[in-house]
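Residue numbers (UniProt numbering), protein chains in the order written: chain A, 1 to 107; chain B, 1 to 303.
So the structure is just underneath, and the comments pick up after that.
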Amino acid sequence: MTGLGFVVGVLGVLFLSHAAYSTIQYKNLLKITEDEFSGPPMNVVLELVLGFMFCMHAALSVPGKFQSIHPDSEENRVVSLPANMEFMIFNHRGRAIISEMDMKLKL
Amino acid sequence: MVSKSEEEQLNRLESQVENGGGGAWEYLCLIRKLKIRRSDNVLKYGLTILNDPKKRSSIGNDEWTLYEQVAIAALDCHSYDVAKDCIKVLRKKFPESKRIARLEAMLLEAKGLWEEADKAYSSLLEDNPLDQATHKRRVAMAKAEGDILKAVEWLNKYLEIFMADHEAWRELAEIYVSLQMYKQAAFCYEELILSQPTVPLYHLSYADVLYTLGGLENLQTAKKYYASTIDLTGGKNTRALYGTCLCASAIAQLTKGGRNREDKENQDLHSLAVTALEKDYKKRAPSKLPLLTSTLRSLKLSS
Chain A
1 MTGLGFVVGV LGVLFLSHAA YSTIQYKNLL KITEDEFSGP PMNVVLELVL GFMFCMHAAL
61 SVPGKFQSIH PDSEENRVVS LPANMEFMIF NHRGRAIISE MDMKLKL
Chain B
1 MVSKSEEEQL NRLESQVENG GGGAWEYLCL IRKLKIRRSD NVLKYGLTIL NDPKKRSSIG
61 NDEWTLYEQV AIAALDCHSY DVAKDCIKVL RKKFPESKRI ARLEAMLLEA KGLWEEADKA
121 YSSLLEDNPL DQATHKRRVA MAKAEGDILK AVEWLNKYLE IFMADHEAWR ELAEIYVSLQ
181 MYKQAAFCYE ELILSQPTVP LYHLSYADVL YTLGGLENLQ TAKKYYASTI DLTGGKNTRA
241 LYGTCLCASA IAQLTKGGRN REDKENQDLH SLAVTALEKD YKKRAPSKLP LLTSTLRSLK
301 LSS
């Protein structure tokens, strides 16, 4: 999917640059025939629209899956608050449990 | 805030680390990021990293963060020797640090030497009166000593200066609830909802407090906040669904034969919450379904 999207994106960029090239050529042609520039020709507009669509498709498909922004979605749903670590107190019932693990920091 | 996906990631990493699949450092980082209290695991896996020179050097400068994390976890597990050694290592590296001085005071606190700890905190505060973490430690120490009123007083003083500190507001709210001072607790939860409006659990706690206070007006507000919790969690919060049912039946009892339109709305909400609850139970705990239906029947709206 990503490979296809990438190819489409390259194609879109090529379309856009070709559209730019055609516009410049068209303007040069107008200079020779000494006509007023009223708007780009039809095929250039078509190319622009196609190129735009291709680029947009590539931009949406290449970077991967989008993440939800809704607060109530399955991923973003808040399930618990963090422990209030800065107000942590140490004289809890854990004191009564003698740690069976023999732990030591080697210096 | 711990979201559903983060919780799943944590559980996955935890079982991976427990079964010896590696990833201990990632696990410890996640615990630090989510601010979860798993002191026994932090102590166990943190020490395996710190005691292995190769692993320790691979995490680079984060080594010192890990020493601090393990020191606090060791205090929580009452392994004072480990905590002392960690603090000693840190002290050697950062001889002037105030943060290490706070850790040393915490060691005194954990050992129950309140006066020495208090002296240490006071001298730290003299050097820097705006040291938030030390202020908080003093409040926690008052709580640990059992002097809740002093903790409340200090926390209130602290909040006059640092009004935007939502963790402190939460602590104060929880203390007030434990003292059954619900009006004050409600005020704290209002502050919390103002500062973090998208956290459903604050809405839920606020609704709980209002429901406990009672009275028609409070019950109606509580119902609204239960509803907003349901909205923010996508209907996955069972407590909020139960709260809605309880509020609806309590309101129906108080306004017997009262205004009709609101009565109707109340009933609709109640039946919706009941349906959601039944669906949830059917899916996750089918054996408890009869229990649920009998409980809900006793709550049935009297109309």
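Glycine included, each C-beta is placed from N, C-alpha and C at the ideal position.
Just so we're clear, the structure is a prediction, and the values are computed from it rather than from any experiment.
query	result
Looking at C-beta atoms only, is the number of pairs between the segment 170 to 184 of chain B and the segment 201 to 216 of chain B that lie closer than 8 Å three or more?	yes
Once the 5 residues before and after TRP154(B) are set aside, which same chain residues still bring their CB inside 7 Å of it?	ARG138, VAL139 and ALA142
Determine, using beta carbons only, whether GLY64(A) comes closer than 8 Å to chain D.	Although the question refers to chain D, the structure presented lacks it and instead comprises the protein chains A and B.
Jot down the residue ranges of each uninterrupted alpha helix (DSSP H) in the segment 87 to 113 of chain B, minimum 4 residues, whole runs only, in chain order.	98 to 111
So who's on the other strand from VAL2(B), going by DSSP bridges?	SER80(A)
Looking at C-beta atoms only, is the number of pairs between the segment 2 to 12 of chain B and the segment 45 to 59 of chain A that lie closer than 8 Å three or more?	no
Name the residue from ILE193(B), ARG38(B), ASP81(B) and LEU172(B) whose alpha carbon lies nearest to the alpha carbon of SER104(A).	For the sequence presented, residue 104(A) should be read as Lys rather than Ser. Considering only alpha carbons, the answer is ASP81(B).
Please go through the same chain and pick out, in chain order, the residues whose beta-carbon is closer than 6 Å to the beta-carbon of ALA110(B), but skip the five residues on each side of it.	LEU75
Tell me, to the nearest whole angstrom, how far the beta carbon of SER249(B) is from that of LEU172(B); I am working on the premise that it is less than 8 Å.	31 Å between Cβ atoms; not a contact.
Going by C-alpha to C-alpha distance, which of SER3(B), LYS4(B), VAL2(B) and GLY60(B) sits closest to TRP25(B)?	GLY60(B)
Excluding the 5 residues preceding and the 5 following GLU63(B) in the sequence, name in chain order all residues of the same chain whose CB lies nearer than 6 Å to its CB.	ARG56
Name, going along the chain, the residues of the segment 82 to 100 of chain A whose beta-carbon falls closer than 7 Å to a beta-carbon of chain B.	PRO82, ALA83, ASN84, MET85, GLU86, PHE87, MET88, ILE89, PHE90, ASN91, GLY94, ARG95 and SER99
For ILE148(B) and LYS283(B), I'd like the C-alpha separation in whole angstroms.	43 Å
Please name the residue in THR295(B), THR293(B), ASP280(B) and ALA227(B) whose C-alpha comes closest to that of ASN266(B).	ALA227(B)
Going along the chain, which unbroken runs of the beta strand (DSSP E) with 3 or more residues stay wholly within the segment 127 to 186 of chain B?	none
Any beta carbon of chain B sitting closer than 8 Å to that of GLU47(A)?	no
Taking contact to mean at least 3 C-beta pairs separated by less than 8 Å, is the segment 158 to 171 of chain B in contact with the segment 81 to 94 of chain A?	yes
Apart from the five residues on each side of it in sequence, which residues of its chain come closer than 6 Å, Cβ to Cβ, to LEU277(B)?	LEU241
Just how far apart, CA to CA, sit GLY51(A) and GLY64(A)?	21 Å
Given a threshold of 16 other Cβ atoms within 10 Å of its Cβ, counted over all protein chains shown, does LYS33(B) qualify as buried or as exposed?	exposed
Alpha carbon to alpha carbon, how far is PRO200(B) from LEU216(B)?	23 Å
Given VAL8(A), which residues of its chain have a CB within under 6 Å of its CB, disregarding the five upstream and five downstream residues?	PHE54, HIS57 and ALA58
Consider the Cβ of ILE36(B): report whether some Cβ of chain A lies at a distance smaller than 8 Å.	yes
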